[in-house]
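This report refers to the structure that appears directly beneath it.
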Amino acid sequence: MRDGYASERRPSDASPPFPPKDSTMGLPDDSPIPAARRAPNGHAPNGPAQDGGTPGGGARPVRLGLRENRLQFTLLVLATLAVGGLVGLERTTVPLIGSETFGLTSDLAVFSFIIAFGLTKALTNLAAGALTARFTRRSLLLTGWLIGVPVPFALAWAPSWGWIVAANVLLGLNQGLTWSMAVNMKIDLVGPARRGLATGLNEAAGYTAVGVTALLTGYLATAYGLRPVPELIGAVFLVTGLALSLAVRDTAAHVALELARHAPPLPTGEDTGLKAVFARTSWRDRSLRGASQAGLVNNLNDGLTWGVFPLLFTEHGLGLAAVGLIKGLYPILWGLGQIPTGHLADRLGRKPLVVTGMLVQAGGLLLALVLLDRPLLAGILSAVALGLGTALVYPALIASVSDHAHPAWRAHALGTYRFWRDIGYATGALVAGILADALGLESTVLAAAVLTALSGLLAARWMTDRTAPGTPPAATGARPKEPAART
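Taking full-length UniProt numbering, the leading residue of the sequence shown gets 1, the next gets one more, and so forth.
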C-alpha cells in the first residue's frame, strides 16, 4: 500500500456513473458542500447525484470528468480569461504611473500597490475555503466580479497614488474570489483523474490573458499615454466575466459525488476546520509544506519583476512598447505553457516539474543581469525562461495540493496554499522595494535568483508524489501518513 489517501486506485471509467444507494458519509460542518445542498442528516446527497439544473429546469444527473462537463468547464475557462485580463491591466503601466505621473521617488512607495494587492488576495484565498461552507462557489464567483467593478475606472482617473493602492485592495478581493472559485469548480468537475490538466487549463487561460493584456496596454500607452485609455479595456473584462459567471452552474453536487464515490470516510475525530488544515498545509505535512514554500517564492518572483522590470529596463533605454513586450511574454508563456505541463504533471508526477521549474526561473533572473548591456535581448530571454519555468511549476503545485487533501477539506487546503503562494506578491514587492532603495535594482534581481534556486532545492527535499508517474492520481481518502521526522 502506498502512503497517501487511497489503498487502491479506482479509475473513474471503472466506477458506476452514480454512487450506490447506501453510499452516504458524514460531512464536517465546514464541508465544501454548502449546508443548503446537504441531506437533512448532514450527509452527502444519497442516491444518484444531481445538480440543480437551470432555473425552471429539472435536475441533471452529475458525472465527473472533463468530457462529461465540457460545456461548464469551457465557460469557466473563458471566465478565467477575463479574470486574468483584469489584473493584466497593471503589469506594464502602473509602476510607471507611480514614478512618472505621481512623481514617486522611492521604489518601495511605487511597489506599495503590489503589496496591497498581494496581501488582500492572499487573505481572500485563505477565507475562500471557509466561505464555501456557507455559500456556493457560483455565488462567490459572482460576488468577486461585482467587487471588481470600480477597479479599471479608479486606475484610469485616480487623483492620487492612494486611490491606486485602494483600487488594488478591491482587485485583490476580486482576484481572490474569482480565481479561487474558478479553479475549485474546475477541479470539482473533472474529479481526481485529470486534476493536473484541469489546473493547467485554468492557469493557462488566466495567465495568457494577463500577458496579452500587458502587451496590449504597453502599445496603447505608447500611442495614447499611460492613462486613461489602457486601463479602460478593463470594462470589457468585467462585463464578459459577469456574463459568463451567470451562465455557470454550481458544482456542489460534483463534490458530493466525489465524496460518495471516491473518498473513504474521514478518520474519527479528524479536525477539518480551517485552523487545523492551515497548520497541516503550512508545516505539518512535509509535501504540502514544500508546495506552499515553492508557491510563495514563485509569486515572489512575479511580484518582484512586476515592479522591478519596468523600472530596470526603462532605466536602460527601452520604451513602453518594448517593456510591454517583455512584461507580456512572461505571462503568455507562463499561461500557454501550462496546457502541456498540466498534462505532464499527470503523467510524470508533480515533484519533477516543480523542482525543474524553480531552477529554470532562477536561471531566467540571472539572464536579465548577464545580458543587461543589451536590454531588449536580456528582457526577452529572461521573460521566456521565467515564463517556461513558471509554467512547469504552477499546475503541478495546485495538483499536488489537491492530491494530498481529502475532498472534505480540500477547499481549505487549496485556500491555504493559495494564501502562501499569493503572499509572495506582497513579499516580493516589499523585499524588492527595500533592496532596490538600499542596493539598487540589479542586486534585487540577483537576490531573487538565489532565493528561487534554494526554494527548488527545498521542494526536492520535502515534496512527494502520491502516485506513480504515468498514472492518474488515486482517489483521496484518509489523511496521509507522514514519513519519519526529517527537516
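Every residue, glycine too, gets a C-beta built ideally from N, C-alpha and C.
Is the beta carbon of A429 sitting closer than 8 Å to the one on I164? Against a cut-off of 8 Å, the Cβ pair of I164 and A429 comes out as no contact.
At what residue ranges does the segment 132 to 183 contain a whole run of the alpha helix (DSSP H), taking only runs of 4 or more? List check, alpha helix (DSSP H) in window: 137 to 147 and 151 to 157.
Since T464 is in the alpha helix (DSSP H), which residue starts that stretch and which ends it? T464: not part of any alpha helix (DSSP H); DSSP gives it neither H nor E.
Segment limits, alpha helix (DSSP H) that includes W420: Run containing W420: R410 to L439, per the alpha helix (DSSP H) assignment.
Same chain, Cβ closer than 6 Å to V286, neighbours up to 5 away in sequence not counted: The residue asked about is misnamed: residue 286 is Arg in this sequence, not Val. So the qualifying residues of the chain are W462.
Less than 8 Å between the beta carbons of T93 and L216, yes or no? Going by beta carbons, T93 and L216 fall outside the 8 Å limit.
Taking only three categories from DSSP, how would you classify P192? Assigned with DSSP and collapsed to three states, P192 falls in helix.
Taking 8 Å as the threshold (C-beta atoms), are L376 and A322 in contact? Contact: yes.
Would you check if the segment 182 to 192 and the segment 419 to 436 touch, i.e. whether three or more CB-CB distances between them fall below 8 Å? Taking 8 Å as the limit for Cβ pairs, the verdict is that the segment 182 to 192 does not touch the segment 419 to 436.
Helix or strand or just coil, what does DSSP make of P61? When DSSP states are grouped into helix, strand and coil, P61 belongs to the strand group.
Of the listed residues L78, A460, L446 and V355, nearest to Y207 (C-alpha basis): Taking Y207 as reference, the option from L78, A460, L446 and V355 with the minimal CA-CA separation is L78.
Which word fits A214, buried or exposed, when buried means at least 16 other C-beta atoms lie within 10 angstroms of its C-beta? Using a 10 angstroms sphere on the CB of A214, the tally of other CB atoms reaches 16 or more, which defines it as buried.
The alpha helix (DSSP H) spanning E231 covers which residue range? Start and end: V229 to L232.
With distances taken from CA atoms, which of D346, L75, T427 and A426 is nearest residue 522? In this structure the chain extends from 1 to 487, so residue 522 is not present and cannot be described.
For T251, does the count of other Cβ atoms within 10 angstroms reach 16, so buried, or fall short, so exposed? T251 is classed as buried because its beta carbon has at least 16 other beta carbons within 10 Å across all chains shown.
Rounded to whole angstroms, what's the CA-CA distance from L311 to R91? Just pull it up for me. L311 and R91 have their alpha carbons spaced roughly 12 Å apart.
Just to confirm before moving on: does the CB-CB distance between A396 and A453 stay below 8 Å? Their beta carbons are not under 8 Å apart, which means A396 does not touch A453 by this criterion.
What's the C-alpha gap between G176 and G317? So the alpha carbons of these two residues sit roughly 36 Å apart.
Can you list, in chain order, the residues of its chain with a C-beta nearer than 6 Å to that of L300? Leave out the 5 residues immediately preceding and following it. Correct list, in chain order: G424, T427 and G428.
Separation of A276 from V445, as counted between CA atoms: Their backbone Cα atoms lie some 36 Å apart in a straight line.
Could you have a look at T213 and say whether DSSP puts it in helix, strand or coil? In the structure shown, T213 sits in a helix (DSSP, three-state: H, G or I).
What first and last residue would you give for the alpha helix (DSSP H) that runs through A368? Start and end: R350 to V370.
Buried or exposed by the 16-neighbour rule on C-beta atoms within 10 Å, applied to G118: G118 is buried by the Cβ-count criterion.
I think D422 touches R350, with their Cβ atoms under 8 Å apart; what is that distance to the nearest whole Å? No, D422 and R350 are not in contact; Cβ-Cβ is about 19 Å, not under 8 Å.
Could you pull out every residue in the same chain whose Cβ sits closer than 6 Å to the Cβ of G52, ignoring the five residues on either side in sequence? Note that G52 has pLDDT 49, beneath the 50 cutoff, so the model's placement of it is unreliable and no number is given.
Answer yes if the segment 198 to 206 comes into contact with the segment 330 to 346, meaning at least three C-beta pairs across the two stretches below 8 Å, and no otherwise. Verdict: yes, contact present.
I'd like to know if the segment 139 to 154 and the segment 232 to 241 are in contact, where contact means that at least 3 CB-CB pairs between them fall below 8 Å. For the pair of segments examined, the segment 139 to 154 was found to touch the segment 232 to 241: the number of CB pairs separated by less than 8 Å reaches three.
By a C-beta neighbour count over all protein chains shown, 10 Å radius and 16 as the cutoff for buried, is T105 buried or exposed? T105 comes out exposed.
Residues in the same chain with beta-carbon distance under 8 Å from L141, minus the five sequence neighbours each way, listed in chain order, please. Same-chain partners within the cutoff: A79, L177, T178, M181, A182, M185, S245 and V248.
Local conformation of S106 per DSSP, three classes: S106 falls in the coil class under three-state DSSP.
Along the chain, where does the alpha helix (DSSP H) containing A381 start, and where does it finish? The sequence as given places Leu at residue 381; Ala does not occur at that position. Counting along the chain, the alpha helix (DSSP H) containing L381 begins and ends at P375 to D403.
6 Å CB neighbourhood of P331 in its chain, flanking five on each side removed: Hits under 6 Å: Y207, V210 and G211.
What span of residues does the alpha helix (DSSP H) with S292 cover, start to end? Segment R286 to E315, the alpha helix (DSSP H) holding S292.
Could you spell out the range, first to last residue, of the alpha helix (DSSP H) harbouring R70? Going by DSSP, R70 is part of the alpha helix (DSSP H) stretching over R70 to G88.
Contact check, A383 vs L329 under 8 Å by CB: the rounded distance? Contact flag correct, Cβ pair sits at about 4 Å.
Please identify the residue among S292, K121, L381 and S160 whose C-alpha is closest to the C-alpha of E100. For E100, the nearest C-alpha among the options comes from S160.
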